[in-house]
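Structure record follows, encoded as structure tokens.
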Amino acid sequence: MPRTGRNDRKKKICPGCRESANTVKYGIRHTSKGSVQKYHCTHCGIYFSDTSRPKTQYSEKLILYAVEQYNKGHTVKEVKTLTGKRFRRSPPTRTIYSWIQRYEDELSFIRLRKRYDLDPDDLTTTHRFRHLQVYPFTYHRLKMHLSAKDFPQLRRYISWARRA
């Protein structure tokens with residue numbers, strides 16, 4: 677069995693010189709979001725951390741809510757207003773645009789949103805099922821329509837479940 681020691685651990689890649697051989701741990705930074713490991717590159721001299729979250733003054737809940745409202749078809753100005761009502765903090769529209777650009781690769785619907793005219797009130801449909809208990813079932817109408825092209829049985833199943 678191979679011996680795994682301290683030197684065998686995978687080192688972080690320096691964002692400056694793209695090398696991992698010259699990086700060393702350089703302490704821990706304690707933030708409101710938790711502890712973050714800091715690193716130092718002895719080759720190019722920069723300091724960096726292993727967090728994937730960029731520094732921001734807004735909570736992750738607020739960012740997620742803003743991007744979610746944009747996905748539902750609201751304009752950026754409407755997102756600013758809705759976010760202000762819910763969190764009592766209203767980020768600037770430029771900040772909301774930057775979040776949309778930053779998370780565009782992870783959120784597939786942002787790309788689809790550009791092709792379709794969306795009504796935020798008509799985007800999702802909720803049905804209350806009364807089986808052994810009452811529970812709401814919500815589905816995204818446009819996503820179901822687009823998915824039904826590849827999976828026609830999906831639309832049949834949803835319509836059957838609504839009638840049951």
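In terms of this note's numbering, the sequence shown opens at residue 677 and continues consecutively.
Ideal placement from N, C-alpha and C gives every residue a C-beta, glycine not left out.
Unbroken beta strand (DSSP E) run spanning Gly710, endpoints: 710 to 717
Length at least 3, wholly inside the stretch 802 to 829: the beta strand (DSSP E) runs in chain order: 810 to 816
For Tyr734, three-class secondary structure by DSSP: coil
Residue environment, Ile704, which counts as buried when at least 16 other CB atoms sit within 10 Å: exposed
Backbone CA spacing between Phe805 and Arg764 [nearest angstrom]: 35 Å
Three-state secondary structure assigned by DSSP to Pro678: Confidence at Pro678 is low in this model, with a pLDDT of 47, below 50, so the placement of that residue is unreliable and no value is reported for it.
Separation of Lys756 from Asp826, as counted between CA atoms: 36 Å
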